[in-house]
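Visitor: Dropping a structure here in structure tokens format, bear with me for questions.
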Amino acid sequence: MINRVIKFTVPSEQVSGFKASFAIASAGALQEPGFEQARLFVTRADSNTFFAYERLLDQDTHAAMPHTQQLFEFLASSGTQVEQFNLGETAPASTLPANTDGGSDEFAVFFIFKLRAGFRDQVLEQFAEHIKQARQEPGNVVFDLYTIDGSDDTLMVYERWENEAALMEIHFSQPYAQKTGALLNDAVAGSLEDAMHFATEIR
């Protein structure tokens, strides 16, 4: 299974066209055998910045499809900046079905962070326990940690919660989450706040 996140920075005058083009591409993709997810999110801090989360089996077949080609053509002609993250799974791996839906108030996070030297194993070990507990919280929809192909010092957390309070007020107050946060304050190069992208899914 291929897991990937794609970041799109779209010129303001092209946002409506981008949403329409992505909707065509995702509707077609979900009809392809083995294409499990094609979700699009807009960040809350910047309405021109989008993240797509995709799970699929066959990239070559997908890329050749007309619905995919029209998106490629739009991206090339619109001045949209594209950054793709090809993801590797960590333990525990994702266990949630493709149609998991947290409702209309769902709150998503793309947390992309670079580690200082010497912290990778410790962070992976802490997240292995963190993920187990986060997935048991009533407000959690998805909590996955991924490595990023070609960047051994960078990790990505993809998480979705039923609402903002489930993350900001409940999850962040849990002792295990505070332990992880304290470790990341030491382990992450740069600002944790700058690495967290809060987003809303476009449906």
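Numbering of the sequence shown is given in the numbering used here, commencing with residue -7 and proceeding in unit increments. Virtual Cβ for every residue (Gly too), placed ideally from N, Cα, C.
#1: Quick one: Cα of A174 to Cα of T139, how far?
#2: Is the region 63 to 72 touching the region 9 to 27, taking contact as three or more C-beta pairs under 8 Å?
#3: Please determine, among I194, E154 and E117, the residue with the shortest C-alpha to C-alpha distance to L176.
#4: Please work out which residues of its chain come closer than 8 Å, Cβ to Cβ, to V7, disregarding the five sequence neighbours upstream and downstream, and give them in chain order.
#5: Can you give me the Cβ contacts of A109 inside the same chain, cut-off strictly under 8 Å, excluding the 5 residues immediately before and after it?
#6: Identify every run of the beta strand (DSSP E) within the region 38 to 125, keeping only runs that are complete inside it and at least 3 residues long; order them along the chain.
#7: Mind checking whether the beta-carbon of F190 lies closer than 7 Å to any heavy atom of the ligand NAD?
#8: Nearest to L107 by alpha carbon, out of T1, D178 and V34?
#9: If we ignore side chains and look at the alpha-carbon of each, how far apart do F27 and A85 end up?
#10: Could you check the C-alpha separation between M188 and R36 for me, to the nearest Å?
#11: Only counting the same chain, and skipping five residues up and downstream in sequence, which positions put a Cβ closer than 8 Å to that of A157?
#12: Quick check on the DSSP output: the alpha helix (DSSP H) that includes A174 runs from which residue to which?
#13: Nearest-angstrom Cα distance between A12 and Q114?
Guide: If we stick to the structure as given:
#1: 21 Å
#2: yes
#3: E117
#4: S39 and N40
#5: D145
#6: 41 to 48, 73 to 81 and 99 to 106
#7: As for the ligand NAD, it is missing from this structure, which has no ligand bound.
#8: D178
#9: 18 Å
#10: 11 Å
#11: G131
#12: P167 to A179
#13: 43 Å
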